[in-house]
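Right, one structure below, let's go through it.
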Amino acid sequence: MRQFALIILLLLIVGQPVSTRPIKLNHDQTGLYRFQSFQLPFMGGLECDACKAIMDIVDQLLEKNTTEDVILDVMVEFCKVGEIETPRVCEYIAREFKDELFGVLTGHYATPDEICGMLVGSSCDVPYNPNTPWNVTFPKVAKPPVTIPKPPKAGSPKLTILHLSDLHWDRMYQEGAEVECGEPLCCRSNDKKPAKGKPAAGKWGDYRGCDTPTRVFENLLQTVAKQHKIDFVYLTGDLPAHDVWNQTREDQTSIINQTTAMFQTYLPGIPVYPAVGNHESSPVNSFPPPFITGHNSITWLYQSMVDSWVTEAKWLPKNTTSTLIKGGYYSVRLYNGLILVSLNMNMCNDQNWWLLENEDDPAEELQWLIGVLQKAEDNHDHVHILGHIPPGSGDCFKQWSENYNKIVNRYESTIRGQFFGHTHKDSFEIFFEPKTKRPTSMLYNGGSVTTYSYVNPNYRTYEVDGNYKNSSWAVLDHETYVMNLTDANLTDNPKWNLEYTAKAAYGMKALQAVDWNELVGKFEAVNSTLFDQFYKYYYKSHVTQPCDAQCKTNFICDLKTACSGSKEFC
């Protein structure tokens, strides 16, 4: 998307399509389309300088009141001629991002240098604004001695929490539709039937660029209702499908409401605690800070969350409304002793163009989080944290992530679990105290319901120390269940099989940060069968390629990286 935006800016100079070689698309490990190569004939190695020059001219064009429709028509034509996407996607994607693009450009929220730092990246040698130093403020309260949760006594109450992430429910999924449609999302009712000998969408899905059929979502909830006695659900974002070129605000509101209705139908009476993903907005990744008002305000989305989760389902109490409307985050007391915090990780999303304004701590979310955690510490409560984009992900701005890490390390004895998604993979991140390099906290990535791309659907349950006096509320174990899509598409009755249980699979006595760090140490051994198991589970038992020594090194580094852009503990 960065390169697509740069192409748009180039067009504003030339005023007509320019000749360019076809742009190759590559499926990266997240299954998202990204541009693999990008070269304009007159740019050479001057990409950064060209971008800055372009942005200066963009400002001049906008000051001359060049109409948005004229610019938009040029963008669409270039997209088609350059074969960036199919004509259908070109037509829709430009209009989908129109308001955001012109809102950011005409709002003068950033200098040309700052915008190019985002579009071009670090090669521009100009720190992109959200990565410039800023710091949250901590109360002048000394950090108490670190407390490590003790194993509960035999027979102590336990909770079972269902974790679902990255549903990406495609209500237009069509069995028998074209799988290789040439667009970022296929297997849809508006796709053609495949040519003879070409693959067709299966009954329960496809491993390629296709999302979750309705029947898979229903079957998952039916299975959970029959096989598990769960206490509540952690739902960590990305409800809509990947048709990001053709989504409206009404579509996004509708998917929130219909998802809520599905849970109420199949898991009645069981609370669901959601976190907002980057795909919930229209356009995708667009989450303006609170000071953006009028048509570009994000209030429409946050209000729909309140209407669905607070008013309709009553999963959340009314006192969550103020922070939901302000920034899409909230806290709620689940039990005496346990508080849940749900964060809007789009405030660190490096594809959220509205952050070009460089507001420190957008929506004051992190400062609010400190207040919640300090109060919990004062009251001897413990906290679980939900979010979508993991702070160690390259999709999270470094400075935001650094501040989040400081918060986690300061309140390590209060935080007893972090539950995230976004990557569609089964993984985890370990937090470390910088000075001592001591592991402080754990973050669990729950995988995805979608198969997008080349993974099996999964859900996870956590066994958590339960509701009794002096409970630690810590994660004691977790189980991951997968649907083998290849087998499922051969039957009308798919199975969700137990893939693994954490403690048994890895030979762990407990699931504290120190235990996971010891496990990663074992991964580093040559020919480690434990790492081989992790690698299999990462792709949810659908491994498509081997992992060589460098691949293994990268994985181990990622597991020890909870701070974006930092390889300090690798």
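Going left to right, the sequence shown walks through residues -20 to -1, 1 to 550 as mature numbering (1 follows the signal peptide of the UniProt record, and there is no 0) numbers them.
By construction, the Cβ of each residue, glycine as well, lies at the ideal position given by its N, Cα and C atoms.
Cβ-based burial, residue i [other Cβ within 10 Å; buried from 16]
i	result
residue 256	buried
residue 243	buried
residue 470	exposed
residue 511	buried
residue 506	exposed
residue 169	exposed
residue 1	Only weak support is given to the placement of residue 1: the predicted model assigns it a pLDDT of 30, under 50, and the question is left unresolved by the model.
residue 58	buried
residue 64	buried
residue 233	buried
residue 186	buried
residue 50	exposed
residue 391	buried
residue 408	buried
Length of the line joining the Cα atoms of residue i and residue j
i	j	result
residue 395	residue 127	11 Å
residue 405	residue 371	15 Å
residue 324	residue 429	20 Å
residue 114	residue 479	43 Å
residue 532	residue 273	46 Å
residue 545	residue 62	33 Å
residue 382	residue 473	46 Å
residue 237	residue 503	43 Å
residue 335	residue 268	7 Å
residue 494	residue 386	18 Å
residue -17	residue 56	Residue placement at residue -17 cannot be trusted, given a pLDDT of 46 that sits under 50; what the coordinates show is reported in the next sentence. Approximately 11 Å, taken between the alpha carbons.
residue 337	residue 29	21 Å
residue 239	residue 199	14 Å
residue 410	residue 452	19 Å
residue 350	residue 358	12 Å
residue 112	residue 321	27 Å
residue 513	residue 75	45 Å
residue 183	residue 518	24 Å
residue 301	residue 413	34 Å
residue 488	residue 341	38 Å
residue 552	residue 423	This structure cannot settle anything about residue 552, because the visible part of the chain is limited to -20 through 550.
Close beta carbons around residue i, own chain, < 6 Å, minus the five adjacent residues each side
i	result
residue 330	375, 377
residue 476	203, 461, 463
residue 48	82
residue 119	354
residue 384	371
residue 522	435, 436
residue 258	265, 326, 329
Where the beta strand (DSSP E) containing residue i begins and where it ends
i	result
residue 377	Note, residue 377: premise wrong, no beta strand (DSSP E); not H, not E.
residue 525	From DSSP, residue 525 is part of no beta strand (DSSP E); its letter is neither H nor E.
residue 345	Segment 345 to 358 is the alpha helix (DSSP H) holding residue 345; no beta strand (DSSP E) there.
residue 137	Element bounds for residue 137: n/a, residue is neither H nor E.
residue 463	455 to 463
residue 366	362 to 366
residue 398	395 to 400
residue 320	318 to 322
residue 312	310 to 315
residue 432	No beta strand (DSSP E) holds residue 432; DSSP gives it neither H nor E.
residue 213	212 to 215
Opening and closing residue of the alpha helix (DSSP H) in which residue i lies
i	result
residue 443	Careful: residue 443 lies outside any alpha helix (DSSP H), inside the beta strand (DSSP E) at 438 to 445.
residue 234	229 to 246
residue 516	509 to 518
residue 254	Counting along the chain, residue 254 falls outside any alpha helix (DSSP H), though it belongs to the beta strand (DSSP E) covering 252 to 254.
residue 67	67 to 76
residue 569	Because residue 569 is not part of the residues shown, which for the chain are -20 to 550, the question remains open.
residue 495	493 to 503
residue 285	279 to 285
residue 307	301 to 307
residue 486	482 to 486
Close Cβ partners of residue i (< 7 Å) along its chain, the five nearest in sequence each way excluded
i	result
residue 275	79
residue 355	none
residue 305	279, 282, 283, 286
residue 298	290
residue 537	547, 550
Same chain, Cβ closer than 8 Å to residue i, neighbours up to 5 away in sequence not counted
i	result
residue 319	311, 312, 313, 352, 356, 361, 362, 363, 364
residue 584	Not covered by the structure: residue 584. The range shown for the chain is -20 to 550.
residue 467	474, 475
Chain B within 8 Å of residue i, Cβ atoms only
i	result
residue 55	The chain inventory of the structure shown lacks chain B, comprising one protein chain alone.
query = At a cut of 8 Å, does the region 418 to 437 reach the region 110 to 123 through at least three beta carbon pairs?
reply = No: fewer than three Cβ pairs fall under 8 Å.
ask   = Are three or more beta carbon pairs between the region 131 to 138 and the region 219 to 227 nearer than 8 Å?
value = no
query = Does the count of Cβ pairs from the region 261 to 271 and the region 220 to 240 closer than 8 Å reach three?
reply = Short answer: they touch.
query = Is there contact between the region 147 to 155 and the region 182 to 199, where contact requires at least three CB pairs shorter than 8 Å?
reply = yes
query = Can you find at least 3 beta carbon pairs, one from the region 239 to 254 and one from the region 208 to 216, that sit closer than 8 Å?
reply = yes
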